[in-house]
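**Student:**
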Ligand SMILES: [Zn+2]
Ligand SMILES: [Zn+2]
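Residue numbers (UniProt numbering): 1 to 391.
Here you go:
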């Protein structure tokens with residue numbers, strides 16, 4: 001990645017990767033992680049987990065690390081709804097739980113635990129190591145931590161992990177819905193990559209063809225192995241995890257999330273904020289993203305058949321969206337991995353969906369198809385083309 005993006009002369013800023021080591025494999029945890037901790041001369045490690053990930057990885061890590069360093073375990077507690085959330089309460093109790101002389105943190109969990117650890121590492125001024133327990137999201141290597149502060153989601157710039165160890169046997173045991181969520185986060189690249197082109201052509205936003213190609217390749221790797229991912233074979237889970245990591249690293253190099261996050265992510269974020277406001281239990285990020293991408297693919301495709309006031313925009317939209325797969329095709333992919341295919345399935349009613357389609361584009365100052373349909377007043381027309389119920 002450093003070589004390909006380092007050699008790219010697109011004019012965009014490419015930050016050198018600061019992640020020292022990434023291991024995806026059979027012995028990532030029992031051999032490569034302790035060897036890394038020893039080589040880096042870390043003396044005091046704190047493993048951050050929750051009730052579930054303590055059983056899956058936390059205890060194992062404590063046993064493995066025991067001989068190499070002094071290890072402490074910090075267990076995060078779920079809220080009344082049963083979720084571990086990255087809110088003030090959890091962040092402070094994590095910081096209190098981490099012994100003062102700790103020199104490295106290990107995030108043993110999925111996305112939220114990583115966000116909590118990212119914040120703690122940044123606050124303490126120490127590095128952290130990522131140990132994903134499910135291939136559920138592409139943000140493990142990200143530097144931004146989406147936190148819930150005063151009941152609102154805000155992304156704080158913190159720090160990326162210095163190393164990542166993904167144990168395939170452990171990841172293969174992840175629940176199907178988390179694997180499907182990881183696949184859904186990748187499926188979101190179908191629309192995010194097309195939206196990135198739109199933002200380049202219509203709003204002159206920074207674009208890197210090499211980064212787009214790498215992200216596209218990662219998506220294609222997943223699509224080639226849908227059945228392997230569904231069956232949780234070694235190869236399937238390896239490819240899914242690798243693709244998620246690659247997508248995350250591309251964002252880190254560019255220091256923005258445009259290749260991996262378009263209209264589908266804005267819809268997902270909007271729904272997440274609403275769930276937070278209404279104190280509803282959160283749905284997995286990748287599940288929302290996947291369902292939103294399936295719906296948007298159809299909306300974007302129908303946008304190419306519409307004529308409106310701006311000829312240039314119309315032409316650009318056609319070139320960016322006309323080759324998108326049909327929502328029905330994407331639905332088939334998602335079904336195969338056992339994931340949800342419509343936002344209705346995720347308890348989003350018509351009213352909330354209409355609201356999200358009309359307002360989610362305000363969340364980010366970024367040009368997307370979602371912004372276009374609102375900007376040109378095409379929402380009512382597009383809305384008729386949206387299939388809310390699927391399957
Ligand atoms: Zn995502
Ligand atoms: Zn570039």
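For each residue, glycine too, the CB sits at the ideal point set by N, CA and C. Treat the numbers as computed from the prediction; the structure is a model and nothing was measured.
In whole angstroms, what separates the C-alpha of residue 238 from that of residue 163?
**Tutor:** Residue 238 and residue 163: Cα-Cα distance of roughly 17 Å.
**Student:** Under the DSSP definition of a beta bridge, which residues are partnered with residue 21?
**Tutor:** In DSSP, residue 21 forms a bridge with 163.
**Student:** Determine the burial state of residue 98: buried for a count of at least 16 other Cβ atoms within 10 Å of its Cβ, exposed for fewer.
**Tutor:** By the 10 Å Cβ count, residue 98 comes out buried.
**Student:** For residue 196, which residues of its own chain have a beta-carbon under 6 Å away from its beta-carbon, when the five flanking residues on both sides are left out?
**Tutor:** 258 and 259.
**Student:** Quick one: what does DSSP say residue 93 is sitting in, helix, strand or coil?
**Tutor:** Reduced to three states, the DSSP call for residue 93 is helix.
**Student:** Note down, in chain order, each residue of its chain lying with its Cβ closer than 6 Å to the Cβ of residue 4, except the 5 sequence neighbours on either side.
**Tutor:** Excluding positions up to five away in sequence, the list reads 210.
**Student:** Secondary structure at residue 183, three-state DSSP: helix, strand or coil?
**Tutor:** Looking at residue 183 - three-state DSSP - the assignment turns out to be helix.
**Student:** Output the distance between the C-alpha atoms of residue 176 and residue 310, rounded to the nearest integer angstrom.
**Tutor:** The alpha-carbon atoms of residue 176 and residue 310 are separated by roughly 45 Å.
**Student:** Counting Cβ pairs closer than 8 Å, one from the stretch 316-332 and one from the stretch 203-218, do we hit at least three?
**Tutor:** They do not touch, by the three-pair rule.
**Student:** What residues sit near ligand 1, counting only those whose C-beta is closer than 7 Å to one of its heavy atoms, in chain order?
**Tutor:** The set, ordered by position in the chain, is 137, 138, 139, 185, 188, 260, 261, 265, 285, 286 and 289.
**Student:** Going by DSSP in three states, residue 373 sits in which element: helix, strand or coil?
**Tutor:** Residue 373: helix per DSSP, three-state reduction.
**Student:** Mind checking which residues open and close the alpha helix (DSSP H) that includes residue 130?
**Tutor:** Not the alpha helix (DSSP H): residue 130 falls in the beta strand (DSSP E), residues 128-132.
**Student:** Compare the Cα-Cα distances from residue 137 to each of 159, 276, 349 and 244 and report the closest residue.
**Tutor:** Cα-wise, what sits closest to residue 137 is 244.
**Student:** Hey, residue 115 and residue 145 are a contact pair by Cβ (cut 8 Å); roughly how many whole angstroms apart?
**Tutor:** Correct: roughly 4 Å between the Cβ atoms.
**Student:** What residues in its chain sit with their C-beta under 6 Å from that of residue 327, if we drop five residues either side in the sequence?
**Tutor:** Cβ neighbours of residue 327 beyond the five flanking positions: 294, 297 and 298.
**Student:** Under the assumption that residue 382 contacts residue 302 (Cβ atoms under 8 Å), give the Cβ distance between them as a whole number of angstroms.
**Tutor:** That belief holds up - the Cβ atoms of residue 382 and residue 302 are roughly 6 Å apart, short of 8 Å.
**Student:** Note down, one range per segment and in chain order, each beta strand (DSSP E) of at least 3 residues found wholly within the stretch 51-127.
**Tutor:** Counting whole runs of 3 or more residues, the stretch 51-127 contains the beta strand (DSSP E) stretches 70-76 and 104-109.
**Student:** If you run the structure through DSSP and keep just helix, strand and coil, what is residue 236?
**Tutor:** DSSP places residue 236 in helix when its eight states are reduced to three.
**Student:** For residue 171, name the three-state secondary structure that DSSP assigns.
**Tutor:** Three-state result, residue 171: helix.
**Student:** Considering Cα atoms alone, identify which of 282, 371 and 188 is closest to residue 324.
**Tutor:** Looking at the Cα atoms, 188 is the closest of the given residues.
**Student:** Looking at the unbroken alpha helix (DSSP H) that takes in residue 4, where does it start and where does it end?
**Tutor:** Segment 2-6, the alpha helix (DSSP H) holding residue 4.
**Student:** Between residue 10 and ligand 2, is the CB less than 7 Å from at least one heavy atom?
**Tutor:** Correct: residue 10 has its Cβ closer than 7 Å to ligand 2.
**Student:** Distance check for residue 348 and residue 277, CA to CA, integer angstroms please.
**Tutor:** Whole-angstrom Cα-Cα distance: 14 Å.
**Student:** Can you tell me whether residue 54 is buried or exposed, with buried defined as 16 or more other CB within 10 angstroms of its CB?
**Tutor:** Classification of residue 54: buried, given that the 10 Å Cβ count is 16 or more.
**Student:** If you check the beta carbons only, do residue 29 and residue 170 fall under 8 Å apart?
**Tutor:** Yes. Within cutoff.
**Student:** With burial defined as no fewer than 16 other Cβ atoms inside 10 Å of the residue's Cβ, what is the status of residue 229: buried or exposed?
**Tutor:** By the neighbour-count rule (16 or more Cβ atoms within 10 Å), residue 229 is buried.
**Student:** Skipping 5 residues on each side, what residues in its chain have a beta carbon closer than 8 Å to that of residue 354?
**Tutor:** Cβ within range, chain order: 383.
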